[in-house]
Amino acid sequence: MTESECHELRQRLEPLVDRELDQETTARLEAHLRSCSGCSKAYEEAVSLPFRLWALRAPEPPPALVPAVMRAVGAAARLERPAVWTRPLIWAPLLAEGGLAGVIGLYLSGVAGVAALARATVGDLGALWGWSVGFSSPPSDFSADLVVVVGALLLMVVTIYHLALLARQRAHEQGRQT
Amino acid sequence: MTSPSAGVATLRLVRGNQPPEGAAPGDLARRAAGGDFDAFEALVRRYQRRVYGFAYQYVRDLDEAQDVAQEIFIRLHQNLARFDTARAFDPWFWKLAANVCLNYTRKRIPEPQDAGPTQRGEAGVTDSPLQLALGELDPAFRLPLLLHYYADLPIEEIAAALGLSSSGVKSRMYRARAVLRRVLEEEA
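Taken in order, these protein sequences are the chains called A and B. Heads up: the first sequence begins at 14 in this note's numbering, then just goes up one per residue. Heads up: the second sequence begins at 1304 in this note's numbering, then just goes up one per residue.
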């Protein structure tokens, strides 16, 4: 046993453990291991290290990990989809809004009432148009108050909807830039 | 329904059939690439323990490990379309995970400091001497070790993932193991 043999073995311990050395070198180093207790102990440590690495344990993943990932990829997927204002389905709620407005009108005035209000509104609009072009005096009263109220409500809803679309458009553009 | 919360459930854009428990990762990836969020969630749930553990062994910090693990899964989702279903999923996936770790190291401003016993202690995590020694290793040496011994990636796949030759990977692993042995001997 010489110091140079010990040095060589320490230098080649890992490839020796992994059986990566040629037969001659392996035989020489194994012969040295049988005669050197210090190197033999180091060899045992080196042999056990890969097994200890395989057995490494880590803390449990936090419960929030999966929900956070799904939120992130969900948001990303939504940004990757075509812009909402390019898809016709986004206008479907307008049909519901129109239907709802009709139901409210029926509930408040009945079919005859709605028809009368509609006729009155047409008449008012006609009178306004006539007044604007100088054919008649301005209409004295607006009997179609309910239609005006419902119209205002619908206008408000549509405006809010468009604002929401604009906000989403802005978020979409920012997402594309980042 | 396996969704963890209503908030997550609302994010499912496409609802496929529930993936079977034993579905192969490659099959889940294929379905997820087609927009099946249930399949993607099943994939995340299946790999979360190993990915989080891998990230933790790499960054040695609980919060950062969650960030890295999350980034790995987000990058997985972004790259699902590039996965070749004719090939094995694991090598491809761990290569992506390794790249995320490398990028994370490059982007991180302060050099990794020991998060200290406070944070890990709060989570009830006790590091073994080997884990502490591993944490002290240079990331260039730590990553091949983790990919091989933690993610079960063969040398050739690690070489491809890290842009090294196979002999280069072996060389780094041998040096890393030698350093670990020396540190453990000194501590003993």
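All C-beta atoms in this analysis are idealised placements derived from N, C-alpha and C, irrespective of residue type, glycine included.
Using a Cβ-Cβ cut-off of 8 Å, Tyr1407(B) does not count as an interface residue toward chain A, since no Cβ of chain A sits closer than that to its own. Around Val1486(B), the same chain offers Ala1436 as residues with beta carbons nearer than 6 Å, after the five sequence neighbours per side are excluded.
For Ala1345(B), the secondary structure class from DSSP, reduced to helix, strand or coil, is helix.
For Leu29(A), same chain residues with a beta-carbon under 6 Å away, outside a window of 5 residues either side, are Leu42 in chain order.
Bounds of the alpha helix (DSSP H) holding Arg65(A) are 50 to 67.
In the three-state reduction of the DSSP assignment, Pro28(A) falls in the helix class, which pools H, G and I. Contact residues of the stretch 33 to 61 of chain A toward chain B are Glu33, Ala55, Glu58, Ala59 (C-beta to C-beta distance below 8 Å).
Where Glu33(A) is concerned, there is no enclosing alpha helix (DSSP H), because DSSP gives it neither an H nor an E. Of the residues Pro1457(B), Pro1447(B), Tyr1407(B), Phe1386(B), the one whose Cα lies closest to the Cα of Val1371(B) is Tyr1407(B). Spanning the alpha carbons of Pro1457(B) and Gln36(A) requires a straight line of approximately 23 Å. For Gly1325(B), no alpha helix (DSSP H) run applies, since DSSP gives it neither H nor E. Rounded to whole angstroms, the separation of the alpha carbons of Ala1401(B) and Arg84(A) is 23 Å. Between the stretch 1326 to 1337 of chain B and the stretch 1384 to 1402 of chain B, the count of Cβ pairs shorter than 8 Å is three or higher; the stretches touch. Annotation for Asp1393(B): the continuous alpha helix (DSSP H) segment containing it runs 1392 to 1410.
Counting C-beta pairs closer than 8 Å gives three or more between the stretch 1353 to 1367 of chain B and the stretch 1446 to 1461 of chain B, which meets the contact rule. By the Cβ-count criterion, His1380(B) is buried, with 16 or more other Cβ atoms from all chains shown falling within 10 Å of its own Cβ. Proximity of Arg1475(B) to chain A, defined by a Cβ-Cβ separation below 8 Å, is not satisfied. A straight-line Cα-Cα distance of about 14 Å links Val135(A) and Trp144(A).
Residues of the same chain with a CB within less than 8 Å of the CB of Arg1353(B), apart from the 5 flanking positions on each side, are Tyr1453, Ala1454 in chain order.
With fewer than 16 other CB atoms across the displayed protein chains lying within 10 angstroms of its CB, Val146(A) is exposed. If you check the CB distance, Leu1346(B) and Ala1332(B) come in under 8 Å. Interface residue (Cβ-Cβ distance to chain A less than 8 Å): Leu1450(B) is not classified as such.
Near chain A, meaning a CB-to-CB distance below 7 Å, the residues of the stretch 1353 to 1371 of chain B are Tyr1355, Gly1356, Tyr1359, Gln1360, Leu1365, Gln1369.
Of the residues His20(A), Trp67(A), Val60(A), Leu78(A), the one whose Cα lies closest to the Cα of Arg1349(B) is Leu78(A).
Its chain contains Ile1458, Glu1459, Ala1462 as the residues whose beta carbon lies nearer than 7 Å to that of Ser1469(B), once the 5 sequence neighbours on both sides are disregarded; these appear in chain order. Residues of chain A with a Cβ closer than 7 Å to the Cβ of Phe1376(B) are, in chain order, Val82.
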